[in-house]
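Student: For the sequence shown, the positions run 34 to 359 when our numbering is used. Ideal Cβ positions, reconstructed from N, Cα and C, are used throughout, including at glycine. Just so we're clear, the structure is a prediction, and the values are computed from it rather than from any experiment. Structure incoming, see below.
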Amino acid sequence: MRALICRHWGKVDELSLGEAPIPVPGPDEVLIKVAATAVNYADSIMVAGRYQTKPEFPFSPGLETAGTVTACGAGVKGLVPGDKVMAILAYGGLAEYAVAPAAETWRIPAGMSFAEAGAFPIAYISSDVAIRWQGRLEAGETMLVLGAAGGVGLTAVEIGKAIGARVIAAASTAEKLALARDHGADEAINYADEPLTERVMTLTGGKGADVCFDPVGGPLFDAALSSLGWGGRILLIGFVGGVPQIPANRLLVKHRSALGSSLRYFRWNAPDKLARSVDALFGWYGEGKLRPCISHRLPLERAVEGLHLLTGRQALGKIVIELEPA
Ligand SMILES: NC(=O)c1ccc[n+]([C@@H]2O[C@H](COP(=O)([O-])OP(=O)(O)OC[C@H]3O[C@@H](n4cnc5c(N)ncnc54)[C@H](OP(=O)(O)O)[C@@H]3O)[C@@H](O)[C@H]2O)c1
């Protein structure tokens with residue numbers, strides 16, 4: 034099969050398209066003929082050797098996939114060859130075939146295209162488990178979303194609205210904020226030229242946000258923390274802008290919490306919660322409340338370009354790699 038191959042730790046430019054053996058599913062795994070997948074920040078970190086998962090060489094990066102089941106391991110129940118599915122992967126998504134754990138493989142909901150399904154699992158599930166189980170966001174509360182037009186950020190906007198919260202989107206350009214509004218955001222703040230804390234305080238009548246969804250970190254973190262009200266929860270999702278330090282006094286003084294949220298925790302330690310998040314997400318998709326957003330569709334040969342677009346802040350929603358024409 035054709036695959037994007039990593040032969041040594043390094044830059045994404047050192048990945049090469051080549052031939053690899055079709056993987057063999059283990060007892061509780063399925064083999065998927067990939068129709069669409071998406072690139073993620075973690076792909077570039079993994080090929081640099083800086084991610085928690087360090088596969089043996091050679092391997093293909095890629096954390097999610099959508100396609101057709103072609104074979105099932107002996108222990109697999111509830112899935113059969115021919116099923117159209119999406120899945121979370123440890124790695125291996127940027128290839129013509131991928132092996133996925135059956136427990137993290139789901140039939141694609143009615144009406145969802147392969148491209149949407151390839152863009153769905155990592156962003157939507159990561160955001161939902163963070164907001165639902167760590168953030169405990171409730172209807173009527175206010176959630177501030179940073180990086181609100183990015184892969185996870187835009188899904189957080191939609192999930193916040195589906196829960197019934199008021200969503201304040203924050204991003205760096207007018208185009209990104211318009212997209213977040215189109216996906217339901219009630220308010221928009223351009224943190225490239227507006228003071229984040231002051232704007233959140235004005236928009237909330239001085240109360241502050243109840244939850245902040247933060248996939249960015251870096252210099253924005255301090256202002257985001259200050260924009261939380263009494264009992265506010267800041268969700269640490271990612272650090273594309275750098276890893277911030279947290280002054281403990283700023284948590285205590287307003288009874289705030291800073292909560293890390295890792296999809297891997299829910300996959301390995303709380304699969305029941307992950308399953309309930311997936312059920313909720315598929316339900317909302319069926320009700321038209323979630324609209325997966327794809328800014329770029331590229332063939333496998335251009336996956337490295339996709340990774341550069343992502344790390345260069347060019348993605349609006351997700352960047353999908355299509356292996357079968359739509
Ligand atoms: N914890 C989890 O379970 C989990 C799951 C999935 C992803 N993540 C992490 O979440 C982070 C975001 O992932 P994503 O897929 O949403 O990425 P993305 O689509 O690139 O979105 C990130 C957003 O961050 C903003 N940004 C601010 N400073 C940036 C910088 N220096 N470089 C790049 N972007 C910057 C950009 O928006 P503006 O231009 O508007 O600022 C961009 O839209 C990554 O660190 C990823 O690994 C975590």
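For a test of your reading of the model: does the CB of V233 fall under 7 Å from any non-hydrogen atom of ligand 1? Yes or no.
Tutor: V233: no, Cβ never under 7 Å from ligand 1.
Student: Compute the minimum distance between the beta carbon of F254 and the heavy atoms of ligand 1, and state whether it is under 7 Å.
Tutor: F254 Cβ: outside cutoff for every heavy atom of ligand 1.
Student: Output the boundary residues of the alpha helix (DSSP H) element that contains S310.
Tutor: DSSP places S310 in the uninterrupted alpha helix (DSSP H) bounded by P304 to G319.
Student: If you measure between the beta carbons of A195 and A150, is that distance less than 8 Å?
Tutor: no
Student: Report whether the distance from the Cβ of I55 to the nearest heavy atom of ligand 1 is below 7 Å.
Tutor: no
Student: Would you mind stating whether I9 and L96 have Cβ atoms separated by less than 8 Å?
Tutor: The shown model of the chain, from 34 to 359, leaves out residue 9, and the question about it has no answer.
Student: Reducing DSSP to helix, strand and coil, say where M363 ends up.
Tutor: Lying before the first or after the last residue shown, residue 363 is absent from the chain, which here runs from 34 to 359.
Student: At a cut-off of 7 Å, would you count P304 as near ligand 1, judging by its Cβ distance to the nearest heavy atom?
Tutor: no
Student: With DSSP run on the structure shown, which of helix, strand or coil describes A133?
Tutor: DSSP places A133 within a strand segment (E or B) once states are collapsed to three.
Student: Could you give the uninterrupted runs of the beta strand (DSSP E) lying entirely in the segment 98-177, keeping only those of 3 residues or more?
Tutor: Listed in chain order, they are 117-121, 130-134 and 138-140.
Student: Looking at the structure shown, is G95 part of a helix, part of a strand, or coil, going by DSSP?
Tutor: In this structure, G95 counts as coil in the three-state DSSP scheme.
Student: Quick one: Cα of F299 to Cα of I121, how far?
Tutor: 12 Å
Student: When we look at the beta-carbon of Q167 and count the other beta-carbons within 10 Å, is it buried (16 or more) or exposed?
Tutor: buried
Student: According to DSSP, which residues form a beta bridge with P54?
Tutor: In the DSSP output, where bridge partners are listed per residue, P54 has none listed.
Student: When you compare each of A348, L314 and L210 to E227 by their alpha carbons, which one comes out closest?
Tutor: L210
Student: How big is the Cα-Cα spacing for R232 and L253?
Tutor: 13 Å
Student: Would you say L314 touches ligand 1, meaning its beta carbon is less than 7 Å from a heavy atom?
Tutor: no
Student: Between the segment 84-91 and the segment 337-353, can you find at least three pairs of beta-carbon atoms closer than 8 Å?
Tutor: no
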